[in-house]
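Enquirer: Just so you know, we're using full-length UniProt numbering here: the sequence shown kicks off at 1 and counts up by one.
Beta carbons: idealized from backbone N, C-alpha and C, even for Gly.
One structure, as structure tokens, below. Some questions next.
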Amino acid sequence: MDATILPLEFQLLFNYKLEEEEEGEILKSRNRMLPVFKVELNQVSIYRLIHHEYDKHYISAGQLFQACGLTITEGLFLFELKLSDFEVDFLNSQFPFCDIWVSVEMAKSMASALGVDYELSLLLDNALDDCYSSDNVNRNEMMHNWIVPCIPHLQYSTRALLETKFEQVEMLSSNRKIRTQISRMRQRGIVMKDKTQNGLVRWQVTAYEHHLTEQDGWVDYGSIWDSMQGLLFDLQTLSREGKLVKNERVLPNNIMVGNMPLKRDHLNHQHGLQQVYIGYMIEKMMNELNRISLKDHNTQPIENITSHHIVFHDRLDMIEQELYKMKKKGNKRIEEIEVLQQRCIQQLNEINNWKIKFEKTRQSERIWIFLFILSALFIVYYLYKINVTVK
1 MDATILPLEF
11 QLLFNYKLEE
21 EEEGEILKSR
31 NRMLPVFKVE
41 LNQVSIYRLI
51 HHEYDKHYIS
61 AGQLFQACGL
71 TITEGLFLFE
81 LKLSDFEVDF
91 LNSQFPFCDI
101 WVSVEMAKSM
111 ASALGVDYEL
121 SLLLDNALDD
131 CYSSDNVNRN
141 EMMHNWIVPC
151 IPHLQYSTRA
161 LLETKFEQVE
171 MLSSNRKIRT
181 QISRMRQRGI
191 VMKDKTQNGL
201 VRWQVTAYEH
211 HLTEQDGWVD
221 YGSIWDSMQG
231 LLFDLQTLSR
241 EGKLVKNERV
251 LPNNIMVGNM
261 PLKRDHLNHQ
271 HGLQQVYIGY
281 MIEKMMNELN
291 RISLKDHNTQ
301 PIENITSHHI
311 VFHDRLDMIE
321 QELYKMKKKG
331 NKRIEEIEVL
341 QQRCIQQLNE
351 INNWKIKFEK
361 TRQSERIWIF
371 LFILSALFIV
381 YYLYKINVTV
391 K
């Protein structure tokens, strides 16, 4: 199948604020919303964070690995990443979810090595480096220094941005911004990764870190617990829907983790390597479960279900559009009334001018009639005088 350039989408991801820590568990609450550009590669979403508070844009490399059939451990070993080459959201609230966040330039080299640079050319385009969006907490709105030209101006809203796929972004002129309404309370946002998936990322990254620094004796009980409990839940759910048939298996004694060969005997010597292997295998199992779930979902008939839970910012956008239409109709009606009023005034002025002209004409006629009568009387009187004189 020929490769195609993937179109961009605009999405809002929740940013989580660290509240407290109880018994080793990190509690976070939704605080802000992070704007991103997104593409879908092999049914996996890859994100580019464009929030204005970042010093640069970040790409979700973990999602890129998954889209290309790699685990996070395989990706870390394959590209031989140093700890300074990526960032992970562990205890801070800089990112919306735990992942391998890398710069755009590093993501380009990864995409090129994985053979998906053409598909991701729009997402990794340097022309997007100056794009940013930010949320205004007090006014419940998003502010952007870019627009999507394919969305009509009258229909431009947060809902239109979320529902439109586009291939071009137009930068606004200096100091010019465009605003769209949102609601944090009713905005569903996108729940990227749950507790289990975040635990897997933390586990694999920390195992990789300790493997590089050769620190043995480390156990991350929180992430192991989250991962095991999540996998147990997924397996129980799968077992309720259908039976798992255990076929005869042939298990290899050595595998490749990225570009690192790993033999079964190696696990007996290094505790850190054991953690790397466990995290790697758990993500492999979870990916298989996700494929089974996606396959079952695709085979089920599609139901036409209308959702009655409209996102609040969609309603705001609709109300804003309706108010704009009403205002436009009102302005048009006012213009029509003003034109009609001007015509009436013009007609009244014409009538007044005709009346004045008519009165002047009548007055002139009266003067001429009066002069005519006066002349006639004078002639009669003159003739009368002549007759009297003759007699």
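(1) Which residues in the same chain as Leu-120 place their Cβ atom closer than 6 Å to its Cβ, once the five residues preceding and following it in sequence are excluded?
(2) Hey, Arg-179 and Glu-209 are a contact pair by Cβ (cut 8 Å); roughly how many whole angstroms apart?
(3) Could you check the C-alpha separation between Asp-85 and Leu-70 for me, to the nearest Å?
(4) Between Glu-9 and Lys-38, which are expected to be in contact by the criterion C-beta below 8 Å, what is the C-beta distance as a whole number of angstroms?
(5) Helix or strand or just coil, what does DSSP make of Asn-136?
(6) Between Met-143 and Ser-133, how many whole angstroms is the CB-CB distance? I'm expecting something under 8 Å.
(7) In three-state DSSP terms, what is Gln-11?
(8) So Asp-99 packs on Arg-32, CB below 8 Å; how close in whole Å?
(9) Just list the residues that DSSP pairs Arg-48 with in beta bridges.
(10) Just checking, does the segment 38-53 make contact with the segment 199-206 on the three C-beta pairs under 8 Å criterion?
(11) Would you tell me roughly how many angstroms separate the C-alpha atoms of Val-88 and Trp-101, rounded to the nearest one?
(12) For Glu-322, count the other beta carbons within 10 Å of its own beta carbon; 16 or more makes it buried, fewer makes it exposed. Which is it?
(13) So the candidates are Thr-361, Lys-357, Glu-359, Leu-12; which of them puts its Cα closest to the Cα of Ile-182?
(14) Is the beta carbon of Leu-172 sitting closer than 8 Å to the one on Trp-146?
(15) Among all the DSSP beta bridges, which residues are the ones paired with Pro-261?
(16) Counting along the chain, where does the alpha helix (DSSP H) carrying Ser-112 start and finish?
(17) Are the beta-carbon atoms belonging to Val-104 and Ile-50 less than 8 Å from one another?
(18) Can you tell me which of the three DSSP states Phe-65 falls into?
(19) Shorter than 7 Å, the distance from the beta carbon of Ser-121 to the closest heavy atom of the ligand NAD, or not?
(20) In angstroms with no decimal places, state the Cα-to-Cα distance between Val-276 and Cys-68.
(21) Expressed to the nearest angstrom, what Euclidean distance is found between the alpha-carbon atoms of Ser-174 and Asp-130?
(22) Please report how far the alpha carbon of Leu-377 lies from the alpha carbon of Val-388, in whole angstroms.
(23) Which one or two residues does DSSP pair with Phe-166 in a beta bridge?
(24) Can you tell me the Cα-Cα spacing of Met-326 and Asn-349, whole angstroms?
(25) Evaluate Arg-48 with the Cβ neighbour count: other Cβ atoms within 10 Å of its Cβ, from every protein chain shown; 16 or more gives buried, anything less gives exposed.
(26) Which residue's Cα is closest to the Cα of Ser-109: Glu-80, Phe-95, Phe-97?
(27) Decide if Val-116 is buried, meaning its Cβ has at least 16 other Cβ atoms within 10 Å, or exposed.
(28) Which same chain residues end up closer than 8 Å to Lys-284 when comparing Cβ atoms and leaving out the 5 residues on each side of it in sequence?
(29) So Gly-258 packs on Leu-64, CB below 8 Å; how close in whole Å?
(30) Compute the Euclidean distance between the alpha carbons of Lys-360 and Asn-331, then round it to the nearest angstrom.
(31) Here's the rule: buried if 16 or more other CB atoms are within 10 angstroms of the residue's CB, otherwise exposed. What is Tyr-280?
(32) Within 10 angstroms of the Cβ of Gln-204, are there 16 or more other Cβ atoms? Answer buried if so, exposed if not.
(33) Rounded to a whole number of angstroms, what is the C-alpha to C-alpha distance between Pro-35 and Lys-329?
(34) What are the boundary residues of the beta strand (DSSP E) that includes Ile-178?
(35) Report the three-state DSSP secondary structure of Ile-369 (helix, strand or coil).
Expert: Taking the coordinates as given:
(1) Shown here for Leu-120: same chain residues with a beta carbon closer than 6 Å to its own, the five before and five after excluded, namely Ala-111 in chain order.
(2) Arg-179 to Glu-209, Cβ: 42 Å. No contact.
(3) 18 Å
(4) 5 Å
(5) strand
(6) 7 Å
(7) Residue state, collapsed to three classes: strand.
(8) 18 Å between Cβ atoms; not a contact.
(9) Phe-37, Ile-59
(10) no
(11) Their backbone Cα atoms lie some 6 Å apart in a straight line.
(12) exposed
(13) Leu-12
(14) yes
(15) Met-256
(16) 104-114
(17) It is not a contact, given that the beta carbons lie outside the stated cut-off.
(18) helix
(19) Of the ligands one can find in the structure shown there are none, so the ligand NAD has no counterpart to examine.
(20) 20 Å
(21) Rounded to whole angstroms, Ser-174 to Asp-130 spans 11 Å at the Cα level.
(22) 16 Å
(23) Leu-8
(24) 34 Å
(25) In the assembly as shown, Arg-48 is a buried residue. Its beta-carbon has 16 or more other beta-carbons within 10 Å.
(26) Glu-80
(27) buried
(28) Thr-71
(29) With 8 Å as the limit, Gly-258 and Leu-64 do not qualify as a contact, their Cβ atoms being about 14 Å apart.
(30) 43 Å
(31) buried
(32) Under this definition Gln-204 is a buried residue.
(33) For Pro-35 and Lys-329, the distance between alpha carbons rounds to 34 Å.
(34) Per DSSP, Ile-178 belongs to the beta strand (DSSP E) from 178-181.
(35) The answer is helix: DSSP assigns Ile-369 an H, G or I state.
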